[in-house]
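Residues in the sequence shown are numbered consecutively from 72, following the working numbering. We put the CB at the ideal spot given by N, CA and C, even for glycine. Given the structure is predicted, the values throughout are model-derived calculations rather than measurements.
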Amino acid sequence: MLDAAPVLDTPWVRDQFPAFAAPSLQGQAFFENAGGSYPCRFVVDRLHRFYLERKVQPYAPYEVSRLAGEEMDEARARLAVMLCVAEEELSFGPSTSANTYVLAQAVRRWLKPGEAIVVTDQDHEANSGVWRRLGEEGAEIREWRIDPVTGHLDPGRLADLLADGRVRLVCFPHCSNVVGEINDVAAICAMARAAGARTVVDGVSYAPHGLPDVGALGCDAYLFSAYKTYGPHQGIMALREDWARELPNQGHFFNGSILTKRFTPAGPDHAQIAACAGIADYIEALSAHHGGPATGAPAARFAHDLMRAQEIRLLRPLLEALSGRNGLRLLGACPCRGPRPHRRHGAARSGRTRRRSARPARNHGRRGGFLRRAPLARDGHRSRSRRAPRQLHPLHDRRGDRPPHRRSRHRAAKLIRAAQEGVCAS
Numbered sequence: 072m073l074d075a076a077p078v079l080d081t082p083w084v085r086d087q088f089p090a091f092a093a094p095s096l097q098g099q100a101f102f103e104n105a106g107g108s109y110p111c112r113f114v115v116d117r118l119h120r121f122y123l124e125r126k127v128q129p130y131a132p133y134e135v136s137r138l139a140g141e142e143m144d145e146a147r148a149r150l151a152v153m154l155c156v157a158e159e160e161l162s163f164g165p166s167t168s169a170n171t172y173v174l175a176q177a178v179r180r181w182l183k184p185g186e187a188i189v190v191t192d193q194d195h196e197a198n199s200g201v202w203r204r205l206g207e208e209g210a211e212i213r214e215w216r217i218d219p220v221t222g223h224l225d226p227g228r229l230a231d232l233l234a235d236g237r238v239r240l241v242c243f244p245h246c247s248n249v250v251g252e253i254n255d256v257a258a259i260c261a262m263a264r265a266a267g268a269r270t271v272v273d274g275v276s277y278a279p280h281g282l283p284d285v286g287a288l289g290c291d292a293y294l295f296s297a298y299k300t301y302g303p304h305q306g307i308m309a310l311r312e313d314w315a316r317e318l319p320n321q322g323h324f325f326n327g328s329i330l331t332k333r334f335t336p337a338g339p340d341h342a343q344i345a346a347c348a349g350i351a352d353y354i355e356a357l358s359a360h361h362g363g364p365a366t367g368a369p370a371a372r373f374a375h376d377l378m379r380a381q382e383i384r385l386l387r388p389l390l391e392a393l394s395g396r397n398g399l400r401l402l403g404a405c406p407c408r409g410p411r412p413h414r415r416h417g418a419a420r421s422g423r424t425r426r427r428s429a430r431p432a433r434n435h436g437r438r439g440g441f442l443r444r445a446p447l448a449r450d451g452h453r454s455r456s457r458r459a460p461r462q463l464h465p466l467h468d469r470r471g472d473r474p475p476h477r478r479s480r481h482r483a484a485k486l487i488r489a490a491q492e493g494v495c496a497s
C-alpha cells in the first residue's frame, strides 16, 4: 500500500507551514526531534482567532462563550474520529509527560501489593521514569530489555515476563527511541491482554509520521504530543472507557463522572485545545489535495500512508548508501535488507566516542545555525545524562562498546551536509 501512495507535493506541504516563509528561518533545517514540529497554518489561524475573538470562559450560554466551547469540542470530536476512538476517551493535557504522570498517579492507587509493571529500555524518560518510580511504593518493576545486538524488543522475552500472571500493566513505545524500529503494537497488546494486563503505549515518536488507528491497535492508553504533530503545545491521551472508569479520578471531585475531565487535574488550556482542530484540518487538506478521502478516519489513513511513503522514498537511498560503508553499522530493520521498510526509522552507529563526535557537531551547528547542542543531547527526549545508559545508550550499556550516534567520521558528515542542503532546497 505504501508503494502505491502518490508522490508527496512538497511545495504544497511547505506552503501549509508559515514558518517556512519566515525570513529568520530561511536556508535552515532544524534536526532536533525533541523540539517538535512547526505548527501548520490551520492551527495558527485557529489559535489566533480564539485569542482574538473567543478568550472568555467557555460553555456559558452567551454567544462568544458558546462558540469557544464548540471549538474545543470540535477538536476532541474530529481527532477522536481520526484516531478511531470514542470522543469521551480523548483527554488533553499540557504535555505527554504530564499526561503520563497523571495516569501513573491513578495507576498507583489501582495496583495491589505484589502486582507488577513491565517497562522497556527502548523508552524515553516520559514513559519510563513515572512507572519505575512506582517501584518505590511496592510495585514490582520488570524490564523488557532490547536485544543487545539489534535493539529489537523480542515478544518472546515479554512472554517470559508475563508467565506468572502477576503483571497488571505493560508500558512500551510504538516506535523505538533507540533504533527507530516500529513495534508490533497490536500483537504486543493482544499478548498482554491474554495475560490479564493493561497496556500503555507511548506514541510520541510515531504519531508525527502519521496518526495511528488506536482502535485497531487494541491498547488501553495511547499518548502523543500535539506539538510534534503540527499543533500547539498539548499532550493528547486516548484512554479506553472501561479502564478510565476503573481508575480513580484525578480531576476535581465534581468532575469525576465526566470521562474527559477525570484525568485533567487543572483547568484545560482552552485556546490550545481549540487550535488542535487545525491538526485535523491539515490532515484532511493533505489527503484531499493528493486525491484521497476528504474527511475523517479515511483521510487520516490516507495521509498516514502518504507521509510514510515519502519518508521511505527519502530514506531508502541514504540507508542503502550507509549500509555499504566500512566502519558503520546500521541498527534496526533496513529497507535495503528486506521487504518491510515501513518497520523502521533510520539510525546509524560508528566507532567515534560520544565526546569526539559532540565537539565537531556543536561547532558545525554554530556555523550553520541548525543545532543548539550535539545531536545526542537533542535526540534524548528530556533524558538526564545519568540516565543515558538506560534511554540513550542501552546498546552501549549491554555490549560495553561505544555508544550509538548519527555521525560517522567525515563520510557521514558529508552525507548529513548534503541532506541538509537537500531539505533546505526541497
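Sort out for me which residues DSSP pairs residue i with in a bridge.
i	result
Y298	For Y298, which the question treats as bridged, DSSP gives no partner whatsoever.
L229	For L229, which the question treats as bridged, DSSP gives no partner whatsoever.
C242	V271
R137	Partner(s): none; R137 has no beta bridge.
I344	DSSP, once it has assigned bridges, lists no residue as partnering I344.
L161	A309
At the level of alpha carbons, what is the spacing between residue i and residue j?
i	j	result
P165	A287	26 Å
F102	E160	33 Å
Q176	L182	10 Å
E317	G236	20 Å
A342	D144	12 Å
A380	A76	6 Å
P226	T191	12 Å
Q99	K299	19 Å
P303	G363	26 Å
V117	G140	Checking the sequence, you will find Arg at residue 117 rather than Val. C-alpha separation (whole angstroms): 13 Å.
I354	P279	11 Å
G322	V173	10 Å
L377	L386	14 Å
A370	H361	10 Å
H223	E252	7 Å
D352	A93	22 Å
F325	T331	13 Å
Residue i: which of the options sits nearest, CA to CA?
i	options	result
V24	G209, F121 and L393	This structure cannot speak to residue 24, because the chain is shown only from 72 to 497.
W314	P94, Y293 and Q305	Y293
N170	V78, V256, V271 and P94	V271
K126	D340, F325 and G107	D340
A368	D231, D352 and D284	D284
A500	R384, E312, R372 and G349	Any answer about residue 500 is impossible in this case: the structure gives the chain only from 72 up to 497.
C111	P336, R372 and W83	W83
Just to confirm before moving on: does the CB-CB distance between residue i and residue j stay below 8 Å?
i	j	result
A146	G281	no
A297	C260	no
A268	L233	yes
F334	S162	yes
R239	E186	yes
P244	D194	yes
A131	T167	no
W578	R228	Past the edges of the chain, shown from 72 to 497, lies residue 578, and the structure says nothing about it.
R403	V250	Per the sequence shown, residue 403 should be read as Gly rather than Arg. Going by C-beta atoms, G403 is nearer than 8 Å to V250.
R305	I329	This sequence places Gln at residue 305; Arg is not what is there. Taking 8 Å as the Cβ cut-off, Q305 and I329 do not qualify as a contacting pair.
Y301	V152	no
Can you tell me where the alpha helix (DSSP H) holding residue i begins and where it ends?
i	result
G306	Not the alpha helix (DSSP H): G306 falls in the beta strand (DSSP E), residues G306 to L310.
S168	T167 to W181
E124	R112 to E124
With residue i as the anchor, note down where its beta strand (DSSP E) starts and where it stops.
i	result
T191	A187 to T191
Within 7 Å: the Cβ of residue i and any heavy atom of the ligand GDP?
i	result
G274	This structure lacks the ligand GDP; in fact it carries no ligand of any kind.
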